[in-house]
Every structure is written in structure tokens, then in C-alpha cells.
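Line by line, the protein sequences give chains A and B.
Going by my numbering, the residue at position 69 of the first sequence is 56; the numbering climbs one at a time, nothing skipped.
Going by my numbering, the residue at position 45 of the second sequence is 32; the numbering climbs one at a time, nothing skipped.
Don't be surprised by glycine CBs; every beta carbon is placed ideally from N, CA and C.
From a predicted model like this one, the values you see are computed outputs, not experimental measurements.
There are 2 protein chains.
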Amino acid sequence: NKRFFVVGLGNFGYAIAERLTELGHEVIAVDLDPETIDRIGPLITRAAVADATDLETLRKLGGDTVDAAVVSTGDDITASILAVLALHDLKIREIYVKVISRDHGRVMEKLGVSETVFPERDTALGLAAKICGRSLLKYLPLGTNFSIQEMGIPNSWVSKTIGELGIRQAYDITILAIHDILTDKFYATPGPDYRLKDSDTLFVAGTDQALKRIALID
Amino acid sequence: NKRFFVVGLGNFGYAIAERLTELGHEVIAVDLDPETIDRIGPLITRAAVADATDLETLRKLGGDTVDAAVVSTGDDITASILAVLALHDLKIREIYVKVISRDHGRVMEKLGVSETVFPERDTALGLAAKICGRSLLKYLPLGTNFSIQEMGIPNSWVSKTIGELGIRQAYDITILAIHDILTDKFYATPGPDYRLKDSDTLFVAGTDQALKRIALID
Ligand SMILES: Nc1ncnc2c1ncn2[C@@H]1O[C@H](COP(=O)(O)OP(=O)(O)OP(=O)(O)O)[C@@H](O)[C@H]1O
Ligand SMILES: Nc1ncnc2c1ncn2[C@@H]1O[C@H](COP(=O)(O)OP(=O)(O)OP(=O)(O)O)[C@@H](O)[C@H]1O
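Right under this line is the structure:
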């Protein structure tokens, strides 16, 4: 099992601190709000009211002993930057940051964090795909950057065969199976001659980047 | 193409209004903030400064002609409820709501909305699974007769390439990814030239019969 540091316990930080603990890992969390710390205290390894921009405070709490950190200080962009820099000083190399704007994301990429998430935007893109009738019905992570998802057929793929579309080469994803909604049949490992219908859904697997790309096709 | 109504243009509402437009649909959006409306105006079908809790205002803007609506009024839970009720009065049956807490979600379920999203929480759960590097799988059923499993390399496959072995054709399974145990790297959708090592494990997908057969190979 691993040890994680979570900075900032808004909805996102709180949920991830809880979830990592449920998954059997140790979580140390800090936040400026005593009520939040009191609420989460019993649920995780350790929680403290503290300013995460302060290097010595982080070190005292064991911030230098963790495998990875999550930074989610909400609207306070400066705090998120200072917290990332403090974590770098403690030699924490795996840092995930919840950002609140594209520019915030760009700053974090410049700082070399492992990954940024932008929940409002990421979820909006996912819901948009769904409500146009192209659903990402299931999403299953398989490893650090590899997952499976179920998706509807992009309009431009309807009536074409898998071979014609050259999906694996073009998008770097594998089609595991086709679910024919009308007959409720599964076609496992479909071959290149399978012709896609708009009533099909696909189970596809690949890296998150590849899966994001494929969700954007019309 | 479809027509959508978006109520509230925070990060989520703004992103979904933009994205639905990119996907070729019509979007009518309302918000209380004139600056936001000015910014999105040129990008979508129609944008207006308006209070979405007012039925007549929504009707005047064409709210009764849309296929579906998205409600994302942020912290104002009461506004979100009144907006949903107004949309119901306009006979809009497909309504998606961005909620800011579990209780907010429960209210929306009671109101019978199509779906709620809770971006901070949904994204946190997704990231948690990722950063534990958890492959959830030893064996994962995806449908009534379709599953994924993780397996070691049969001795007879070591040092052969995927192409040489003709695995898909011979065994009717798909190799989703190779997990190189020594480097802890995942190789998604490996190509035919990938040469198998005895320290690899494979994530394979197929019917249960196919997976059973493959487990018996030496
Ligand atoms: N320097 C800091 N050190 C520790 N915690 C901080 C610091 N700055 C801000 N925080 C904490 O980060 C949290 C951010 O939560 P807030 O609800 O503002 O934003 P958020 O990340 O947008 O939340 P959500 O995940 O709900 O969208 C607050 O609880 C705040 O106390
Ligand atoms: N009654 C209403 N009618 C129309 N718009 C409203 C109404 N009430 C609130 N809004 C709008 O909803 C938007 C909500 O955005 P805000 O940034 O507060 O929250 P949010 O949904 O949490 O944002 P984000 O998606 O960035 O997390 C605001 O721009 C506000 O003007």
C-alpha cells in the first residue's frame, strides 16, 4: 500500500482523501479549515490544520515520506503553486493538481506536475458526449494510464467497417467488443469486416489520452 | 442535430455549451452575469442575461423548443430547483443537473431529472483509482459472456512475437495491454511485432470459453 499527501479538502480533495483510504492506502491531509479537519480526522491516517505553502510544516507532517501528493486548494492559485514548489523541495516527484482554469493548468504543466485535472471541464466534455447520444457508459481504469470505456459510435463511423476505419492504427485503441443494443448481443474481438451500426456501442481500451481523443470524434 | 438549453455558465456550463456547439448542435444559454453572456454570445446559437427560475423568460427564449437542458447554477441550490421545475412546466423531459453535494443530488433525483453529475467527486474517484496504479483486474466480467483477465505468458509463447503467434485468430481473444512487471510499464494495444517475455503479464479480453482455453496453454 502507498502513502499520499492531500493538500486542500474541498469536495475534490475530501473525496480523494476518503477514497484512497478506502482503497487501503495511508493518507495525510491538510487544510486551513478546522471544521473540515475535524470531520475527516477519524476517516484517514492523519489530518491537520496547516498551511501547505510552508515547507517545514509539510515536512513535520511527513510530507517528505509520501509516494505522491494531490493539490486542490480551490480558488487560491498562488497557494497551489507554492504548495507544489514546497512538495518539489521535499523531493515529491508524483504530484496531481486540480486546476480551476486553463491558464492554471498551463502554469502547472510548466511546473512539471504529473497530471492536472479540471473537474468541471472534464465532466462537461463527458456529459456533452453522452447527451448527444454518444455515451461514455462505463469507465474502468486498468493501470496508471490505461483504461476501458464504453462509447457510442461517432456519426462518421456509422456504416463503415472496422478495417476501413483502421481504428487501432489511427487512434491507438483496441476494440474489445461491440454491444449491439437492438439484439443485446456482445461480439467479442470483432474482426475488420464488422460494419458499425449507429445502434452499436463499443467497448474500447487504451491510454487515457487515446480515449479522450476518441471521445471527441463526431 | 439537436437543440439544448444551458442554465448557468460557470466553468461547467460554459464548457458544455461550447462543446455541444462544436459537436454541431444548437445551444441557447442563460446566465445572470452580462460579462459571461458577452463572452459566449458569439460562440453559440443564442445567449441572454436572464433569470432561469422564471418560466415566461425561459419560454420567450425558446426554452420550450429544446430537446434537453443542462442546469448548472453553482452554489445556488434553490435556483437550480426552480429552474428544473420551470423546465418541467415547459415539458422538457431530459434534464441534466450539475450538483454541488450529495444532498443536492438527492433532491434532484427526487425531482426526477435524467442524470446528475458531481464533477469534483466524480473526477476525484477517477483520479484515486489511477494514482494507486490499480489494475482492478484479475478477472472482470463486462457482459453476460465477455470478460477481461490478467494472465501470465504460457511458456510456449516466450520470445515469440504477437504476430507470429497469431493470437487473435487462433484463440479469439484480444490483447488489450502488456504489463511489463520488471519496469512496471503498460504497453497499450501492442502491435504484432511485440516480442513476449516471461516477465510480462497480459490483459486479455474475450468470451469465457476463449479465456478458459487460453488459460490451459503451456
Ligand atoms: N495554503 C493552504 N494550505 C492548506 N489548505 C488550503 C490552502 N489554501 C486553501 N486551502 C484549502 O483548500 C480548500 C479548497 O476548497 P474550496 O472549496 O475553496 O475549493 P475547491 O477545490 O474548488 O473545492 P471543490 O473541490 O469543492 O471544487 C479549502 O478547504 C481551503 O481551506
Ligand atoms: N437563476 C439563475 N439564472 C441564470 N443563471 C444563474 C442563476 N443562478 C445562478 N446562475 C449562474 O450560474 C453560474 C454558476 O457559476 P458558478 O461559477 O457560481 O458555479 P459553478 O457551477 O460551481 O461553476 P463551475 O462550473 O465553475 O464549478 C453563474 O455564472 C451564475 O450567474
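Check	Outcome
Quick check on this structure: which residue in A:T60, A:I68, A:L112, A:A111 has the alpha carbon closest to the alpha carbon of V100 (chain A)?	A:I68
On the DSSP letters alone, give me the boundaries of the alpha helix (DSSP H) that S67 (chain A) sits inside.	64 to 76
Go ahead and label D108 (chain B) buried or exposed: buried means 16 or more other beta carbons lie within 10 angstroms of its beta carbon, across all protein chains shown.	Before going further, note that residue 108 (chain B) is Arg rather than Asp in the sequence given. When all chains shown are included, R108 (chain B) counts as buried.
Note down, in chain order, every chain B residue with its Cβ under 7 Å from the Cβ of F(-1) (chain A).	E107, T110, A111
Helix, strand or coil for A39 (chain A) per DSSP?	coil
Between which two residues does the beta strand (DSSP E) containing K85 (chain A) stretch?	82 to 85
Looking at the secondary structure, which residues open and close the alpha helix (DSSP H) in which R26 (chain B) lies?	21 to 27
Should the region 49 to 62 of chain A be regarded as contacting the region -11 to 6 of chain A, the criterion being three or more beta carbon pairs within less than 8 Å?	yes
Give the single residue among A:K184, A:T110, A:P177 whose Cα lies nearest to the Cα of K199 (chain A).	A:T110
Are there any heavy atoms of ligand 2 lying less than 6 Å away from the beta-carbon of S59 (chain B), as far as the coordinates show?	yes
In angstroms, rounded to a whole number, what distance separates the CA positions of I79 (chain B) and I149 (chain A)?	37 Å
Could you pull out every residue in the same chain whose Cβ sits closer than 8 Å to the Cβ of T161 (chain B), ignoring the five residues on either side in sequence?	R155, V191, A192, G193
Around the Cβ of L189 (chain B), are there at least 16 other Cβ atoms within 10 angstroms (buried) or fewer (exposed)?	buried
Report the residues of the region 180 to 197 of chain A with a CB closer than 9 Å to any CB of chain B, ordered along the chain.	F190, A192, G193, T194, D195, A197
Kindly say whether I118 (chain A), judged by its beta-carbon, lies nearer than 7 Å to any beta-carbon of chain B.	yes
Keeping to the same chain, check which residues put their C-beta closer than 6 Å to that of Q196 (chain A); ignore five residues upstream and five downstream.	none
Relative to the C-alpha of V86 (chain B), which residue among A:G49, A:V94, A:P106, A:E102 is closest?	A:P106
Buried or exposed: G113 (chain A), going by 16 or more other Cβ atoms within 10 Å of its Cβ?	buried
DSSP three-state label for R121 (chain B), please.	In this prediction, R121 (chain B) has a pLDDT of 49, which is less than 50 and means its spatial position is unreliable; what the coordinates show is noted afterwards. Reduced to three states, the DSSP call for R121 (chain B) is coil.
Is the Cβ of T52 (chain B) closer than 7 Å to any Cβ of chain A?	no
Say yes only if the C-beta of V17 (chain B) is nearer than 6 Å to one or more non-hydrogen atoms of ligand 2, and no if none qualify.	yes
Is it a yes or a no for the region 166 to 182 of chain A touching the region -12 to -3 of chain B, going by three-plus beta-carbon pairs under 8 Å?	no
Would you say I79 (chain B) reaches chain A, if we count a Cβ-Cβ gap shorter than 7 Å as a contact?	no
Could you check whether the Cβ of I3 (chain A) sits closer than 7 Å to any Cβ belonging to chain B?	yes
Check each candidate in A:R182, A:G28, A:D41 and name the one with the smallest Cα separation from D76 (chain A).	A:D41
Shorter than 7 Å from the beta carbon of V94 (chain B) to some beta carbon of chain A?	no
Between L152 (chain B) and the rest of its own chain, which residues show a CB-CB distance below 7 Å, the 5 nearest in sequence each way excluded?	W144
What residues from chain A crowd round L152 (chain B), counting only those whose CB sits closer than 8 Å?	The contacting residues do not exist; L152 (chain B) stays about 15 Å from chain A at best.
Measure the alpha-carbon distance for R121 (chain B) versus R182 (chain B) and round it to whole angstroms.	For R121 (chain B), the predicted structure reports a pLDDT of 49, less than 50, and the residue's modelled location is therefore unreliable. The matter cannot be settled from this model.
Beta-carbon within less than 7 Å of K158 (chain B)'s beta-carbon, same chain only, minus the 5 sequence neighbours each way: which residues are those?	In the sequence under discussion, the amino acid at residue 158 (chain B) is Tyr, which differs from the Lys named in the question. A197, R200, I201, listed in sequence order.
Using the beta-carbon of each residue, which ones in chain B are nearer than 9 Å to V104 (chain A)?	T110, A111, G113, L114
Between the C-alpha atoms of A16 (chain A) and A35 (chain A), what's the straight-line distance to the nearest angstrom?	7 Å
Give, in chain order, every unbroken run of the beta strand (DSSP E) that is at least 3 residues long and sits entirely within the region 140 to 200 of chain A.	161 to 167, 172 to 175, 187 to 193
Out of B:L(-4), B:G92, B:L10, which one is the CA nearest neighbour of P21 (chain B)?	B:L(-4)
To the nearest angstrom, how far is it from the Cα of L123 (chain B) to the Cα of E9 (chain A)?	Unreliable placement is indicated for L123 (chain B), whose pLDDT of 43 sits below 50; no coordinate value is reported for it.
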